[in-house]
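Engineer: In UniProt numbering, the protein residues as written are 1 to 172. Glycine included, C-beta positions come from ideal geometry on N, C-alpha and C. The structure presented is a predicted model; accordingly, all values stated were derived computationally and were not measured.
1) Kindly indicate the opening and closing residues of the beta strand (DSSP E) around residue 83.
2) Check each candidate in 53, 34, 55, 65 and name the one with the smallest Cα separation from residue 93.
3) Less than 6 Å between C-beta atoms, sequence neighbours within five positions excluded: which residues of the same chain meet that for residue 89?
4) Smallest Cα separation from residue 163: which of 150, 171, 146, 154?
5) Residue 86 and residue 13 - do their beta-carbons sit closer together than 8 Å?
6) Under 7 Å from any heavy atom of the ligand SAM, does the C-beta of residue 102 make it?
7) Tell me the rounded alpha-carbon separation between residue 2 and residue 52.
8) Along the chain, where does the beta strand (DSSP E) containing residue 104 start, and where does it finish?
9) On the premise that residue 140 lies in contact with residue 116, defined as a C-beta separation below 8 Å, what is that separation, rounded to the nearest angstrom?
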């Protein structure tokens, strides 16, 4: 039941995957935030450090590139993007506000990526849902990363960058 002045949650849907047959590392978020949904781009909010963190991992300035080129640069290095949640009710952009999540079939999806060796979860919500879907018997390396979201401010950016650099092992 809504309180006076309270807005209802809206159903929000994720984007299609950005992968190809050469994807070796799949980075999974939870569900795009409002800024990303409005712009139709993964990690579009200016406070989200994803493109800076991945630029550090790859050794190039991804933020300076147009969005389509960023995705191409990731795919050229064997990195794919997707989300663990297909759609959910959520007011705003915070993962803590997600309700009624419809999850992806990650086992079926990852089976279609013949070179896939590792899955990295961008944040706790992605790891919680993703690990549950993939299961403990997976032969894939599963990597939990601190969220790139600006809303996760309790960890300094340099400490996040240090954790994200572990992805270099899986990058071409």
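Structural biologist: The answer reads as follows:
1) Here the beta strand (DSSP E) through residue 83 covers 79 to 83.
2) Nearest C-alpha to residue 93: 34.
3) Excluding residues within five positions, the ones whose Cβ falls inside 6 Å are 9, 11, 99, 100.
4) Selected option, being the one with the closest Cα: 146.
5) Judged by their CB atoms, residue 13 and residue 86 are nearer to each other than the 8 Å cut-off.
6) As for the ligand SAM, it is missing from this structure, which has no ligand bound.
7) Note on residue 2: pLDDT 43, under 50, position unreliable in the model; no value is reported.
8) That residue, residue 104, is in no beta strand (DSSP E); it is neither H nor E in DSSP.
9) Rounded, the Cβ-Cβ distance is 6 Å, consistent with contact.
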